[in-house]
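*Asks:*
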Amino acid sequence: MPRQLAIDLAEKIRIQAERSGAQEAETYLESSTTTEVRLRQGQIELLQQSAVQGLGLRVFRDRHMGFLYTTDLRDSVLTELVNRTLALTNQATARDENRIAENLSVSQSDLEINDPALGQLRTEDLVTMARAAEQSAFAQDGRIQTTRDVRCGVSVAEIAFSNTYIARQTYKAGVVWLSATPIATAGTQKREGTYIDRKRFLSDLARPEQVGQLAVSRALTRLGAATVPSARVPVVLSAEAASTFLRGLFQAFSALNVIEQRSFLSGKLGQQIASPLLTIIDDGTMRRGLGSGYFDGEGVQSRRSVVVDRGVLRQYLHSGETARHMNTTPTGNGLRSYDTLPTIGPTNFYIDAGSKTHELVEETSNGLYVTGLAGFGMDTVSGEYSQQVDGQWIEKGVLTKPVEGVTIAGRLDEMLLGIDAVGRDLEFRDNVASPAIRFKELTVGGGV
Amino acid sequence: MVPDRSMSRRDFLRKSALISGALAAGLPEAVSLLHPRVAQAAIMGIGQELQDVLNEETVNRILQEALARGGDAADLFAEQRFRTSVVLDAGKIDSVTYGYPRGAGVRVVLRNQTGYAFSDELSYSSLLDAARVASGIVETQSRTSPIDVTRRTLEPPFTLASPEPLMVEATKLQILQRMDAAARAADPRIVSVRIEYTDEARDVLIGTSEGIYVLDRQYLTSISCSPTAQAGGKRGSGLATLGGRVDAGYFARVSPEDLAKAAALQAVRLLEAGSAPAGPMPVVVAPGWGGVLIHESLGHALEADGIRRGTSLLSGLAGTRVASPLVSVVDDARWPNGRGSYAVDDEGTQGQKTVVVDGGVLRSYLIDKQNGWLLTLKSTGNGRRMSYRNWPLPRMSNTYIDAGGSDPASLLNGITKGFYAAELGGGSVETTSGNFNFAVREGYWIENGKLTRPVRGAVLIGNSLQTMQRIEGIGTDLRVEQTRGACGKDGQMVPVGVGQPTVRFSSMTVGGPSI
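Here it is in structure tokens:
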């Protein structure tokens, strides 16, 4: 369906819901186009092109809420869905929080999230970038004989939002990405390395040669990796590993989890929960940020929130519902797609850059440098932490040998307080980012 | 004609009568509280709405268009889902959602190359467009042979008496409220309970250039209940799951209250539990959901895409020993009520039972069509996709370690000091290296052949081939978990089943904080 027609339809459905008994109603229409190519050994393995159009409608009646979503935008279907959803709202519990969020969006300065150049990208351009990245990977080293694949894609989405109080608002946002996963082989051993860059602006994207080269160095570093004996030692997380760690940690800052006692940070507002070196920010207004938008999934204006300020927990992150419950202002973290209800999630969520450059490793006499984290061992309810890692061993400030087959473990509250260095290497290749960080001491579980 | 396997003819007529009767009586509550499209679909029969747009003739024409520029094969996959989800949190029904996503995708395959395009709009013209876009992968101009699809009959993997999604929403809400009350009553230290309910009826229509035309309806229901306990600054959470590809009678046969209570008591136990140990030691893994271990350690590495590309550590190892001789591994898409069960996979191949490892020897990979052609192997019915927006990948269905010969209790014998993984969480693997992990939610020390002190969660890690060689005992108590399991690969989530009997490893690395 043409874009404008769909937007008009969403508006019509909202008004229909209001006429049929909803005191408040909200529509969220998502339209996007995506193209991705995947290349391997110089050949296109996959070419995918898609256009998505989906509608979500939230209705409120007497403080009861109902929600429906569909990609079927036929009039008769929508009418039936709206009526049944309204009937269903009686079954939900009436709650004072069930209202449209206050603090609705107003216009603000250009966030630079819609690069017109993305609309000009042709499939051939994506193939050219992917091919250059793969060729660069093969050119690096004779031990690179194959790749899992190289991917290059572009997506442009348009969000149209309206509710009972605010007329329709729309914005467009684009993203372009390039990744490479070469495989290094030595004897019977194979190890892969992946480097992904994602950006709002094509001109900000890493050059294909660079992507290939960085991915190769990650794969090569892992060849010959072995386990080490268990020990309690300092552990440095590379910027990439620290970003993965921070993404997992986000749930502890979600106000919903805090309210329901499902976060180890419940009841810690205003307290020193981390080292004074640590500042954590969520900023939905960052220029060219991959998590930036003008408003969140409930029309709340995006903002910058200092969550942890030099180790002190300053605020939790909210949707309209949790903000009302805790009697505070929403933070614009009610994120969603057309087929989900707003859920508290990160916009641009990051650990602020510290002052250290290479000293994190150089100042460590005996410890572990972690470049990869895997698995589901972060429990933000109990605060227990245990994950599979790989990386390199540090001796006298120098990386000496590749390590795998080990775990790191600790208690999250102690770990955060025990951070004794924060690097300067903060770089956004996703909406969650961190510089390298060092934990003073963690348990490394080895295989010997 | 496809037999309506979802319900007996009698049930079908009874339900239709009930719904029409109710409609005549002026839409009483019972009917208005049913997913609107489910009621319609029940009356109309499997895939009827899809078929209205895509009959054999239209499918032929779309596939013809897809192959107009050449290509080895093409297929069309249309889907519509009726979803209901309910969340109960803090003692209140938080939200009730009706979802109705539908659309179709067209795939064109030329050797190792795939073109894929889809449309959210289910119309002949938009699918012709999708076919043209998908054919963009092809550069030759060779193929024009006519396509003639014929409807195939599917053999159901099992029979459902009365499909669960036809339960009215009020009944679903009552089950959640009963579970909430039971969890809270279990112990005063329970401070929070979150319960999520989802059900769906998924209709699919698949047409392929090989001439296949099938329709199927797949039901899936799940409830997860997660209570949190708190005392003395410590927190712990438990988990209970219910469901599977089950009928409405299932919720009367199991006791949702008992399961909610057990999850609450698990959360309370974790408050008292000690820290998990670190380092290598003998490990025994509990039956059922413990099968996440085989899913990660061997399952993913058996998938034919990694095999074909040579990126899996199991590439070229067919016919060789990859595990201890005690180990047999099965992938079975026909396991009764399994989350990963289906009559037909998402590219039109019948779901089947495949022995992948027999007595420690690798016998078969898990194969989809395209990778099968490239490997000159037949599809094992493992081509699955998350939705019409995705192309098929080789995926697991229900994967388990088959029953062994040991008395489960005897598997603890002789262990002076070891770790018992009682309740597992999720896991992941890198198939190139074979390094895998899975989380343990609740564990116990094994001391002198007995389970002693409880310990809190930790991750367990290993390398596929090494770990599979270290299996030294397998129980007779095989259980396949049908109530939980969602597997992610390349951004696509699909429901799966996993299973195993009690399994003993001579050594595995436990990743706790205590040295």
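Line order of the protein sequences matches chains R and A.
Sequential numbering from 1 applies to the first sequence in our numbering.
Sequential numbering from 1001 applies to the second sequence in our numbering.
Note that beta-carbon positions come from the ideal geometry of N, C-alpha and C, so glycine has one too.
1) Can you name the residues of chain R whose CB is closer than 8 Å to the CB of Ala1260 of chain A?
2) For Gln215 of chain R, count neighbouring C-beta atoms within 10 Å of its own C-beta (all shown protein chains included) and say buried if the count is 16 or more, exposed if not.
3) Taking Arg1395 of chain A as the reference, which of A:Val1327, A:Ile1307, A:Met1468, A:Asn1463 has the closest Cα?
4) Could you tell me which chain R residues have their CB closer than 9 Å to the CB of Lys1092 of chain A, listed as they occur along the chain?
5) Contact check, Ser1162 of chain A vs Asp1258 of chain A under 8 Å by CB: the rounded distance?
6) Just to confirm, is the Cβ distance from Ser1222 of chain A to Gly1236 of chain A under 7 Å?
7) To the nearest angstrom, how far is the alpha carbon of Phe1517 of chain A from that of Leu412 of chain R?
8) Name, going along the chain, the residues of the stretch 60-76 of chain R whose beta-carbon falls closer than 7 Å to a beta-carbon of chain A.
9) Taking only beta-carbon positions, decide if Leu88 of chain R is within less than 7 Å of chain A.
10) Using only CA atoms, which one of A:Ile1446, A:Ser1126, A:Arg1194 lies nearest to Val1284 of chain A?
11) Along the chain, where does the beta strand (DSSP E) that runs through Ser32 of chain R open and close?
12) Does Thr1380 of chain A have its Cβ less than 7 Å from a Cβ in chain R?
13) Please report the straight-line C-alpha distance between Leu1176 of chain A and Ile1195 of chain A, rounded to a whole angstrom.
14) Grouping DSSP H, G and I as helix and E and B as strand, with all else coil, what is Leu341 of chain R?
15) Here's the rule: buried if 16 or more other CB atoms are within 10 angstroms of the residue's CB, otherwise exposed. What is Lys1417 of chain A?
16) Could you tell me whether the Cβ atoms of Ala1186 of chain A and Ala1264 of chain A are closer together than 7 Å?
17) Would you call Gly1021 of chain A buried or exposed, if buried means 16 or more other Cβ atoms sit within 10 Å of its Cβ?
18) Between A:Leu1050, A:Gly1310, A:Gln1469, A:Gly1497, which lies nearest to Gln1482 of chain A when the distance is taken from Cα to Cα?
19) Quick one: what's got a C-beta closer than 7 Å to Ser1464 of chain A's C-beta in the same chain, skipping five residues either side?
20) Evaluate the contact criterion for the stretch 1082-1100 of chain A versus the stretch 1384-1401 of chain A: three or more CB pairs, one atom per stretch, below 8 Å.
21) Give a yes or no on whether the minimum CB-CB distance between Thr1198 of chain A and chain R is below 7 Å.
22) Distance, Cα to Cα, Ala115 of chain R vs Ser292 of chain R?
23) Counting along the chain, where does the beta strand (DSSP E) carrying Trp393 of chain R start and finish?
24) How would you call Leu5 of chain R, buried or exposed, if buried means at least 16 neighbouring beta carbons within 10 angstroms?
25) Whose C-beta lies closer than 6 Å to the C-beta of Thr357 of chain R among residues of the same chain, with five residues either side of it excluded?
26) At a CB-CB cut-off below 7 Å, which residues of chain A make contact with Ala409 of chain R?
27) Strictly below 8 Å CB to CB, what residues from chain R border Leu1270 of chain A?
28) Check distances from the C-beta atoms of the stretch 174-199 of chain R to those of chain A and list, in chain order, the residues that come in under 7 Å.
29) In chain order, what residues of the same chain lie with their CB nearer than 8 Å to the CB of Leu426 of chain R, ignoring the 5 residues before and after it?
30) Who are the Cβ neighbours of Ala242 of chain R in its own chain at under 8 Å, not counting the five residues just before and after it?
31) Regarding Pro1408 of chain A and the ligand SAM, is the C-beta to nearest heavy atom distance less than 6 Å?
32) Taking only three categories from DSSP, how would you classify Pro1408 of chain A?
33) Excluding five sequence neighbours on each side, which residues of the same chain lie with their C-beta closer than 6 Å to the C-beta of Thr1349 of chain A?
34) Name the two residues that bound the continuous alpha helix (DSSP H) containing Phe245 of chain R.
35) In angstroms, rounded to a whole number, what distance separates the CA positions of Val448 of chain R and Ala1078 of chain A?
36) What ranges does the alpha helix (DSSP H) occupy inside the stretch 166-249 of chain R, keeping only unbroken runs of at least 4 residues that lie completely in it?
*Replies:* Reading from the atomic positions:
1) Neighbours of Ala1260 of chain A on chain R: none; closest Cβ ~16 Å, over 8 Å.
2) The displayed chain sequence assigns Ala, not Gln, to residue 215 of chain R. Buried, by the Cβ-count rule.
3) Closest by alpha carbon: A:Ile1307.
4) Going along chain R in sequence order, the residues near Lys1092 of chain A (Cβ under 9 Å) are Ala92, Thr93, Ala94, Arg95.
5) Not confirmed; about 23 Å, so no contact.
6) No, the Cβ-Cβ distance between Ser1222 of chain A and Gly1236 of chain A is not below 7 Å.
7) For residue 1517 of chain A there is no data in the structure shown, the boundaries of chain A being 1001 and 1515.
8) Residues Met65, Gly66, Phe67, Leu68, Tyr69, Thr70, Thr71, Asp72.
9) Leu88 of chain R counts as touching chain A.
10) It is A:Ile1446.
11) Looking at the DSSP string, the run of the beta strand (DSSP E) that includes Ser32 of chain R is 24-40.
12) Under the 7 Å criterion on CB atoms, Thr1380 of chain A is classed as non-interfacial with respect to chain R.
13) Taking the straight line from one Cα to the other gives about 7 Å.
14) Of the three classes helix, strand and coil, the one that applies to Leu341 of chain R here is coil, per DSSP.
15) So Lys1417 of chain A ends up on the exposed side.
16) For the pair Ala1186 of chain A and Ala1264 of chain A, the CB atoms are nearer than the 7 Å cut-off.
17) Unreliable placement is indicated for Gly1021 of chain A, whose pLDDT of 43 sits below 50; the coordinate value is still reported in the next sentence. Gly1021 of chain A counts as exposed, since fewer than 16 other C-beta atoms from the protein chains shown sit within 10 angstroms of its C-beta.
18) Ranking the options by Cα distance to Gln1482 of chain A, first place goes to A:Gly1497.
19) Answer for Ser1464 of chain A: Ser1297, Leu1298, Ala1301, Leu1313, Gly1434, Phe1436, listed in chain order.
20) No: fewer than three Cβ pairs fall under 8 Å.
21) By this cut-off, Thr1198 of chain A is not an interface position.
22) Note on identity: in this sequence residue 115 of chain R is Asp, with Ala being the wrong assignment. Those two C-alpha atoms are separated by around 13 Å.
23) Run containing Trp393 of chain R: 384-395, per the beta strand (DSSP E) assignment.
24) So Leu5 of chain R ends up on the exposed side.
25) Hits under 6 Å: Arg424.
26) Contact note: Ala409 of chain R reaches chain A through Ala1278, Ala1458, Gly1511, Gly1512, Pro1513, using a C-beta cutoff of 7 Å and chain order.
27) Under the 8 Å cutoff, chain R gives Ser382.
28) Of all residues in the stretch 174-199 of chain R, Ile183, Lys190, Arg191, Glu192 have a Cβ within less than 7 Å of some Cβ in chain A.
29) Taken in chain order, the residues that qualify are Ala239, Tyr350, Ile351, Asp352, Ala353, Ala433, Ser434, Pro435.
30) Closer than 8 Å at Cβ, skipping near neighbours: Ile351, Ser434, Pro435, Ala436, Ile437.
31) For the ligand SAM, the structure offers nothing, since it holds no ligand at all.
32) DSSP, read as helix, strand or coil, puts Pro1408 of chain A in helix.
33) Take Thr1349 of chain A, set aside five residues on each side of it, and the residues of its chain with a beta-carbon closer than 6 Å to its own are Ser1379, Gly1381, in chain order.
34) Per DSSP, Phe245 of chain R belongs to the alpha helix (DSSP H) from 239-249.
35) Each residue's Cα considered, the two are about 52 Å apart.
36) Unbroken alpha helix (DSSP H) stretches of 4 residues or longer found wholly inside the stretch 166-249 of chain R: 208-222, 239-249, given in chain order.
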